[in-house]
Each structure stands twice: as C-alpha cells, then as structure tokens.
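**Student:**
Residue numbers (our numbering), protein chains in the order written: chain A, 44 to 385; chain B, 44 to 385; chain C, 44 to 385; chain D, 44 to 385.
Okay, here's the thing in structure tokens:
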C-alpha cells in the first residue's frame, strides 16, 4: 500500500446515487481505506459530501483531484462514456483505479485502456462487477472451484428490473448501449467467471418490447434473451428485462456434470414469509441497490486488499473488455436477426 | 379374501361428502374391491348413488345392509356417535370394518369395541386415520424406519382449517368433542405412528378463541395448543386451528438425533408459483379434501390388501383408543387449566 | 360418442412401458372408456395384457385391430417412425385416434397426415402432449387466460432428464431426431399453448456434449439450448438435458406484463423436507413417469370427453406439426451454427 | 447525547467471542459512537483489543472503567451472574447501560435492578435481546403493527442450536439456568414483543434428553418444549434444542386472525441452492453468530440513537424481568411435571 499511515487514501469521483453509496462505504466501512477526497461537478452533491462524509477535500474538476498528491486511488462512479479516458488519466497520474462497469461500450476504447494499463503494472485497475463479491455468488464460485458440481458447462443468468413506469431508461436508451450492454454485461461476467474465463465464439440474441414502445426507435427492447457459445464448448443463456412486476430478480445458475447451483432464484427481500388469503409468499428485493448492498461493500474491501498486495479478486480490464465484446455482438445480433461470430 | 370371485364386496354406509368420495374410490379405483351396496337414510344421497355408482344395492337401514350376505365388508362414514355400535354390529354380522375416525369420543365405549373385536380375530377392523396413507407421510415414515434421522424423539404436528365464516363447527361444538378430539386426534395418531407407538404419560393443553365467541359456552376454542409427554420420554407438540386465512395447513415434523423431517410445511396447492407485485407466492390447499385426496384412495387399497392377507397398514382399534384417550385428556386439561396425568 | 352402451371402446397399440400405463388408465380409471382391445407384436407384452387388463381382445397385427368393428378409438403408443401412417390408417378405418408425440419427425409426413385428417372432421385425432393435462400446467394456463399476469410474451421451458449412465439414448440417437425433436418438442408445445398458439419466425440453437461423446457422430448433443422468436413478437427460450444429477427437472415459466408464473421450478418428489448435516432439502422426481403420472390419466379422460362432444382439450395435429417444424429448425440451427428463419 | 463532540463514548466490558463482536461494531460500524475504553480481566483479551481496536483505554477492573469520566455508556458482555450488580453500579456511576441478556436468572435481583433504574430516568438501560433488531424480525413486527395479519394471538418460536459434540453446555448446566432460561428467553421476548407485551398467566414445560445424559443431574434437558398462556388470552409455544444436525435454526411465527408470518423458517445460510443426487437443498446458518450478525450491529446503532433522544427500541428492564419470570416458571414446570401459575 502506498499510503503513509498504512491506509489507502481514496478519492471518489461522481456522487450520484451509487456514488454516494460507494463514498459512505469507503468512508466508514472499509478497513484500510480513508476517503480523503470527492469530486462532482454538481454543487448539491458536494454539499451532501460536506454533510455526510468525514471532511474530504472536495473538487468540482476531475483533473484537480488527479493532481491531489494525497490521493492514492480514484473511485470512478461517473457516466459510462467517461470511464475509458478517466481510467487512462488516473493511471497516468499514478493512481490505482476502481471504475464502475462498463469499461466502455466501444471495443476500440476498451483496447486502448488495456494497452495503457500494461504500462502501469504496479497500479491496480479493476472494473466493478460487484456480483463477484456478493456472498452467495462467492459461495457458488467456491463450490464450483471445489468440484462440487463436477465440470461446469452451462450458465443461465438474468438481470431483471422492476418496471419503471416513468421509463427513465427509455430516455437513456440513446446512450445506454441497449439492454445487453447495460444489464447483461453483469451476467456475461458472471458466466465467464463461473465457467473459467472462456472466450466467446458465437452469440445470438432476440428481444421483445413488452411495455415501452419508445425503445423501438433506438433498436432497443425492454426484454432480451441471448445465447452465447464459448470456444471451449461451454454455453450461456441470458435474460434481461426492464418490466418485472415483482422486483429486481437477478439470479444465476451454473450447471455441471455432477449437479448444479442456483444463486438467488427466489429474490427474497428477507427471511419473512407471509401466509394469508393469497397463499404463502415472500416479498422481493425491489432494486439492485437492495440486492447487492453487501456486494458493494465487499468489493471495496477487496480492492483495498488488492492494492495492499492481496489477490486481484475482481474483474480485470481484460474481463471487462470481453464482456463488452460479447455485449456488442449481442446487440448486433438483436438488430440483424442473425447469429454473430466473434 | 372371502369374496367368491376374488374381489372384496364392500357396502358403504353414509353418503355425505366424505362418504361419496369413499364410495367412488371403492367403485372405480380400488383393485380387488367391488362396491356392491350403499346405505343412507337420506333419499337424495341414495339417488346420487343410483346415478354415480355402478348399480349397488341400496339400503336406508344399516341392519338391512348387515343382513346382505353378498357384503364382505362395511365402510362406515357415519356420524361419530354411531361408530362404536356400528362397528360392533358389523363384527357380529361377520363383516370386516373400515370406520372413519374417531372410534368414539368415549373411552369406555372404545374399550367395549376393542373387547368385542378380540372375539373376531379373523375380521379386519381399522379406523380411518388417512394420513398414514398420504404418500408424503408414508415417505417420512419409511425414512424414519430406515434410520435416516437417527432416533426420533419429538413430533410437532398441526391440523389447521381455513376459517369457516359461517361457523358450522360452532353449531357442531356440542357433539364434536372439542377441537382436540375433532382435529388433533389425527396429529396424535401421526405422532404415535412416527415415534413407535408410545403410550402417553401426561398432557397439557391451552386454547384461544380468536374469532368464534360462540364456542365459549361449550368450553371449546377455535385455536388450541397442546403438549404430550410419552412414557418412553418422547414428546409431541400440537396445534389445531379453525381460523386460518390461507387454507388447510396440515403439517407435521419429526425430529431425531441425526436430523428431522417436515411433511407439508408449505401447504402448496400445486407446483405453480406466482410472482407479481405482491412477491413470490404459491396458493394453498383449501381443505383436507384437496390435501388428502390420494390418501383416501390409498387407504382403501390398503384395507382391501389387509383383508386379502396383507399387512395391517392402518391404525388399529388400539391406536384409535389411545388417540381418544389422549384427546380426552387434552380436553380436560384445557378446561381445568392443569396438566393431566394419564 | 359412437359407442353403443355410451362407453368409448378403445384399443391400445403398443404395450411398452408407457403403453402399459396408458392401458391401465384406460382400463380402470377413465370414466366413459372401455379398453376392449390391445395390440403388440411382442408376445411378452400380450401376456402382460392377459394378466393385467380386463380381458381385452389381443392382436399382434395393427391391421387386424383396425378391422375390429367393436373398437371406436385407437391409442397409439408405438415407435415414432410409425405414427404418421398409423394415424392415417386409423382414420381411414373410421377410428378416433390418440397418438403419443411426436406426430412425425418429417414435416412432409406431418402435412400429409393433416391433409388426410381434414377428410374426417367427425373423427377426433390428437397428439399426446400430456403436459397440457398436468394439474399445475393447467392451473398456470387458466391463470394466463384469466389475465393474472397481463399479456404473456415470453416462455422459458426445459426438459431435463436424470443422467442415464447406460446411455440408452445414445444408441437411440440415430432415429430420435436429436435432443430438440425428442425432448424440446414438449416445451415448444407448452410455449405455444401458453402464448396463444403463435407461429415461429426464427430459431437459434446451440449445444454441448457434457458426458456422452458418442452423440457427436450423430450431430447430437446431451445438453441443448435454443431461442425461438414468434411472428407476433413473442419469445421462448428452451433448455434440454440428458445429464442431470438430481432427477427429471421439467419446468416452465411464462412471463407477462403484470407478473409471471413458474410451473414445477423445484422438482419436488413429494411434500417431505429433510434437514440434516447437509442442510435442508427435498428429493426430486426421478423420471417423467413419476412427474406426469396424473397428466397421462387426465389426458385420457379429456380425449374420451372430446369424442363425446366436449371441447378439444389437447394438442391438435396442427399444433404437433408446428412443434415438429420448430424442432427441425432447431436441429438445423444446431448443426449449421446459424439462426434459421422459418 | 451527553458526549462532548456529539459522539457517545462507550466502554465495552467483557471481550469474549461475543464481546469482541460488540467491540468491533462499536469501534467501526456505529455512527455516533466511539469505543473509548474496554475492560477485561484476561490479558489475552486486552492484547487483542490493543491490536484490533482503535486505541481504547484498557482496564482489567470494572470499577476503574466506571471511574473513567470520558465514558458515557458501558456495554456489558460479561457472565450472566454479574449482570445485575454491574448494571446497578453503572447507573450509580452515571453511565448508560447496554447489557447482554439475561438481566438475571433470579427474580428478586431483577426487581432490585428495576427499582434502582427508576431512580435514574435520564439514563438508558436496555437488555440485548438482539432479535428485535434483526431486519426480518423487524419487518414482521412492522407488518403486525400495520395490521397485516389482523389481531395476533399466537406465537410459535424456537431456538435450536447445532449439536455441540463436545457438550460445552453440559459443563455450563450448573449455572446456565437450564435450557429455558438460557435459550427460550429470546423466544419469550419475541413472543411478548409481537403480541403487544402481555403478562404471562400460566406455563407448562416438558423436555427430553436426546443425546446429553450428563444434563440429568442438573434437572436439565437438551430438548425442551413449553406453552405459555398470557393474561389477555393470547398464547405462545416454544421449542429449544441443543442437538440439531443442520445448524442454528432460530425461527418464529406469529399467527393472527387474518393471516400469519414466519421469520426464518428455513435457516438458509445464503441465497445458494444446490441440486445434485441428494435432491435440491440449501445449507444452513451454523450458529447464532452467523444468523444474527446484522442484528448485533443494528442493536448497537439503536442504543446510540436512544441515548441521543430517539425512541427506546430494544427490550426494557421490565421486558427482561418478565422474560426471566416466565423462564423460571418453565424451569419449575419442567422439574415438577405440573403447570405453573404466575
């Protein structure tokens, strides 16, 4: 760790809803980390930081934060279109980088970041695929590694959100990259992680507009399905939806030659079951925020440990590139109505 | 089997809702049985039998049915207060007897029937504790026998009905024997069956009137709880309710030194799960009729096999006596507010 | 109904494992039906029929059974390759026909049967997609029809069998049509049934050989995944497997704009849960025979009712043709590595 | 809050396994609290504190800690027999007090503490029944308060631990107060909390020694069951066990006139389900430590908020006295074999 007193000095960049959560975790709940700086162009967000965080230095300009010599690592929770350049700038400024997914929606940009990162092997750079840090996903990964299901050969995984009747994501459709690059990238990363990091060979995708007609003009859908074949013969199936009635239902399954594992197949909100005239039921996690609260925390802890010399626990830039590569191919397949070879 | 052509010739007595089900099972779904006669004092019920059954001889008088020499076995689905004498009469007429539970609410009467039955060892007489024939209860029993949970020492069991807003059972309270003799006898029999037929040593019972105030004048409750200690140190806990919102929730649990089994802990109506704005749910079995449809059928098949020389699979008269003995003690405990030693 | 005494006189053809089950259902558990004849070229099977069935006329030759004027309907449980011609012959002989799936693996043959059947509108001809008669599938269908999940637009469905270490299906691979035509046809039919009988527009399929290398020479796989796009914009995803460790896990899900339904997501063997040092668990249905025992019975009852003038409840020949058409396209997609337009 | 800089300055007393967890929570995860002191007579535990905590002042003597004017509140995680006097001493020293359960196993001592506490109404004193702070228990409580199950009238609750083959608790039996005072007090508190804090009227208890024969000499059991009747006619049933094979299975149920709630009925370790040759299963929480990790944290936060003027969220001394009163009566009932009136 480069920090004097043994603590990694972090500057968080971007203080939207998710940025706030990262900032609070880093400030109060990550041993070995000190949140020393925060950066946002939005005055309200800086005002929040002044109140809620332990007196970080506040910047409205990313370059200024990078110039802060008391910052060892930057934590990027910024719009996706900025990620690639901000990572490069951070590395050049000698900072470790954590960046929210995706690395970039553009493959060439992804490759440019990887090339740059190779020049700074002493710096940690990771992309925030937080599911790898959810305790249940982690338990499943460990069981797969331990051979509990034999040889894994198929992953089924889904990211489905509760329907947003306001359709925020429709307005966002022009820049989101579409449902596969926005949602399914998480599942792609989960699949590759559980299957041993295979490279994709071919994808096919299809979709439906169930509720949000406005997506059609962007060649996007509110429900998408996809199949991915990997070079080693393994397979993955994906489902993404923006229109669920019951909550954020993110679940995954890995199937092997001696059994299978599901992770989160019933998106229980907690341990309560209700029985009444409607039957026996449990409520569901309303959003990914609720579902992955712990994962965001453990992700931050793992990053700090990695900087301190621990194992790289999260997704590498290479993993992020492969997720984008597959997501882009799915988007093409959806638009063209054909399988896409990679 | 005493029947000429190898089939047991059965006469069903009582054609109420449950009697009709037994009659249909015996007529169409029990290999080795022929339903040759039916008896009911109610003309409408005999009319139903004329339509729905394969031409049985119809009687409005039990004595007349007993005089029918072409009847090998009687199947009593009559009011509880008639059971004891009808069993005795059937045995004296040389018929095998199946009788719905309970044997009798009166212990002396139970003993009188047992004494009489001892004089007819060649005749099968069994009481219809149908849970012993439910495939799931049977699977649990087999697993216990096979030592899968070590030594079983505790049973928890419940019979809870969906609330009947018409409160039929309130009008029935004067003669039902109360909630323990009416409902919990099933659980008592299950407990003794799973625990190896121990004799009871002490019981304690308590109750609440949740909705049906009319029960108070009969010293009865609409929700009852009880503990039973057995002579061999084993234990049972019971719950009975007439006021459930979700359905008939009959479930049991047997706990041993190496594990436990639950039977029916979620009273799923079927294999469908619904997810919508209320969460993830399943509907429930509305009544014991729905829950134990298979059990009534397998019970009849087992009786026919027992007459044919197979193992006695159901509850003996002795089991039924012990269930009544325990149920009566629970009722006393409820009224007196004290533990009752047996 | 054409039968004199009001009962449909049925002749069952084929007395293998599944044929025996159909025969017993028709003989003993289907009101309105009489099993009057049975046909098998295998002497052992006819011997079984002599013992187990109520004295049907026995034939070793299909033509002889068709010539039996006391037979109103034939029940075909014969090898798939015989189905098409046997149906045609039965219709020409004036018999109603129930035929196990598939109608045929060859599209031209399917169409020939449909053309022939149009000449006999007074005769019932149905293909045995029994899931439509499973009580849970039926409940889901009714809920969809009642609008409980809004507008359905996506079905996910799977047929997965417990691994057969003897690999019977490998020897069968040359004639089975491959995993999609052998297993997924059921899911295709379920999807179309739940989604309102749409026509397919495009399919994509992929597969893996997890355990049974011998399948490769037949261009077959032991695990297959597929996506089907329908003309009305609806979607289906399928999974088929021959290598599960836990049992026959046949389950389906239908997703609508206001919620979703799963059918059989946990393939519970019964209502027992076991808790011990391994956790809390339930055992699973070992085979489709155990899972769909009720469905086979209700299917037979529905056929008899349909002959008697009731609604056509099962899959029509047209449904069966469409299932084959989709299954054939999946097989092509698997072999070619491309999406296939229909 | 009495602390100068707005933070409650806490001294933790007792640094065993549970004390360590409390200390870490207070040191790092409770906004508004500072862990400024720790007390243990055990040098190893103080050494641990030196390493793991942010430089608290360390004491080996409780009186010395009480004399520390920079301590606003003491956090007692000491042997049960010391609780009562330590609470009194803390109050007299002007400190707020959090004390692990139980208040005392002796009723007279409980009452003495309550009398003393009445003299210090400005000081917060609470007993650590942490289940009230578990998110699922809290959700159930809120639903009951919101009338979701109508009027609650029955609680069933259990505390069952994985079997400790070393039988630590046997050696502990002489001072533990027995299974009801050691384990069931939690369930008693849950029952009263969910039912509106009724007073007990009568209890009955029974037990079995399933595995640990050494308990007999202490009139204790390794499995106990009990019924409690409350003055307002409500009921509770309890089960406690030291011999479970599957883990710590702490679960509760509250039943009302319009439905019921279960909390933790399947003690899932996480969101993973495993399917393999044994069926479909989930692993279980091994110990109360794993099950109630969050509850211990939220409990500490609530205490700090209560000192700061927030609502008293936890169990009062009066609640703790009533739990002891009921637990003592259960123990008497177990020994005497009679119901005990309170």
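Using N, Cα and C, we set each Cβ at its ideal position, and we do this for glycine too.
(1) Identify whether residue 163(B) lies in helix, strand or coil by the three-state DSSP scheme.
(2) Tell me which same chain residues have a C-beta within less than 7 Å of the C-beta of residue 258(C), skipping the five on either side of it?
(3) Report yes or no: is there a C-beta of chain B within less than 8 Å of the C-beta of residue 44(C)?
(4) Checking 8 Å against the spacing of the C-beta atoms, do residue 366(B) and residue 232(B) come in under that value?
(5) Could you say if the region 268-288 of chain D and the region 140-148 of chain A meet the contact criterion of at least three C-beta pairs nearer than 8 Å?
(6) Below 8 Å on the Cβ atoms is my contact criterion, and I expect residue 351(A) with residue 192(A) to pass it. Report the Cβ-Cβ distance as a whole number of Å.
(7) Can you have a look at residue 65(D) and say buried or exposed, based on whether 16 or more other CB atoms are within 10 angstroms of its CB?
(8) Out of 256(C), 362(C), 196(C) and 103(C), which one is the CA nearest neighbour of residue 211(C)?
(9) Please report how far the alpha carbon of residue 45(A) lies from the alpha carbon of residue 348(A), in whole angstroms.
(10) Between residue 72(C) and residue 62(C), what straight-line distance do the alpha-carbon atoms span, to the nearest angstrom?
(11) Which residues, in order along the region 286-318 of chain C, keep a beta-carbon less than 7 Å from a beta-carbon of chain B?
(12) For residue 192(B), does the three-state DSSP call read helix, strand or coil?
(13) For residue 289(A), does the three-state DSSP call read helix, strand or coil?
(14) Sort 288(D), 368(D), 122(D) and 106(D) by Cα distance to residue 207(D) and report the nearest one.
(15) Whether or not the region 121-135 of chain A and the region 86-104 of chain A are in contact is what I'm after, with contact meaning three or more pairs of Cβ atoms, one per stretch, closer than 8 Å; do they touch?
(16) Would you mind giving the Cβ-Cβ distance between residue 324(A) and residue 324(B), rounded to the nearest angstrom? I have them listed as a contact below 8 Å.
(17) Per the DSSP calculation, residue 82(D) is bridged to which residue(s)?
(18) Got a sec? Which residues, its chain only, sit under 7 Å from residue 342(D) by beta carbon, not counting five neighbours each side?
(19) Tell me where the alpha helix (DSSP H) around residue 376(C) begins and ends.
(20) Just to confirm, are residue 96(C) and residue 70(C) a CB contact at a threshold of 8 Å?
(21) Please list, in chain order, the chain A residues whose beta carbon lies closer than 8 Å to that of residue 196(C).
(22) Report the option in 201(B), 314(B) and 312(B) whose CA atom is closest to the CA atom of residue 284(B).
(23) I want to verify the contact list: residues of chain D whose CB lies under 9 Å from the CB of residue 205(B), in sequence order.
(24) Which residue or residues does DSSP assign as beta-bridge partners of residue 251(D)?
(25) Considering only the alpha carbon of each residue, which of 204(D), 93(D) and 295(D) lies closest to residue 329(D)?
(26) Taking only three categories from DSSP, how would you classify residue 215(D)?
(27) Exposed or buried, what is residue 227(D) when buried is set at 16 or more other beta-carbons lying within 10 Å of its beta-carbon?
(28) Please decide whether residue 47(D) counts as near chain B, where near means a Cβ-Cβ distance under 8 Å.
(29) How big is the Cα-Cα spacing for residue 379(A) and residue 370(C)?
(30) Please give me, in chain order, every unbroken run of the alpha helix (DSSP H) with length at least 4 that falls completely inside the region 284-360 of chain B.
(31) Three-state secondary structure (DSSP) at residue 35(B)?
(32) Which two residues bound the contiguous beta strand (DSSP E) that contains residue 168(B)?
(33) Please say whether residue 340(C) and residue 153(C) have beta carbons closer to each other than 8 Å?
(34) Between residue 249(A) and residue 59(B), what straight-line distance do the alpha-carbon atoms span, to the nearest angstrom?
(35) Closest by CA to residue 336(C), which one among 67(C), 322(C), 51(C) and 56(C)?
(36) When the distance is taken between beta carbons, is residue 119(B) closer than 8 Å to residue 361(B)?
**Tutor:** With the structure as the only source:
(1) coil
(2) 213, 216, 252, 264 and 265
(3) For residue 44(C), the pLDDT reaches just 33, beneath the cut-off of 50, and the residue's location in the model is therefore unreliable, although a value from the coordinates is still provided. It does not; no Cβ of chain B falls within 8 Å.
(4) yes
(5) no
(6) Not quite, the Cβ-Cβ distance comes to about 33 Å (not below 8 Å), so this is no contact.
(7) buried
(8) 256(C)
(9) The pLDDT assigned to residue 45(A) is 36, lower than 50, so where the model puts this residue is not dependable; a value taken from the coordinates is nonetheless given after this. In a straight line, the C-alpha of residue 45(A) is about 12 Å away from that of residue 348(A).
(10) 15 Å
(11) 301, 302, 303, 304, 305, 306, 307, 308, 313, 314, 315, 316, 317 and 318
(12) coil
(13) coil
(14) 288(D)
(15) no
(16) 3 Å
(17) 56(D) and 102(D)
(18) 171, 173, 176 and 357
(19) 360-379
(20) yes
(21) 251, 253 and 266
(22) 201(B)
(23) Within chain D, no residue comes near residue 205(B); the closest Cβ sits about 11 Å away, beyond 9 Å.
(24) 266(D)
(25) 204(D)
(26) coil
(27) buried
(28) Low local confidence applies: a pLDDT of 39 at residue 47(D) is under 50, so the model's placement there is unreliable, with the coordinate-based value given in what follows. It does not; no Cβ of chain B falls within 8 Å.
(29) 23 Å
(30) 331-334 and 336-350
(31) Given that chain B is displayed from residue 44 to residue 385, the structure contains no residue 35(B) and the question cannot be resolved.
(32) 168-171
(33) no
(34) 57 Å
(35) 67(C)
(36) no
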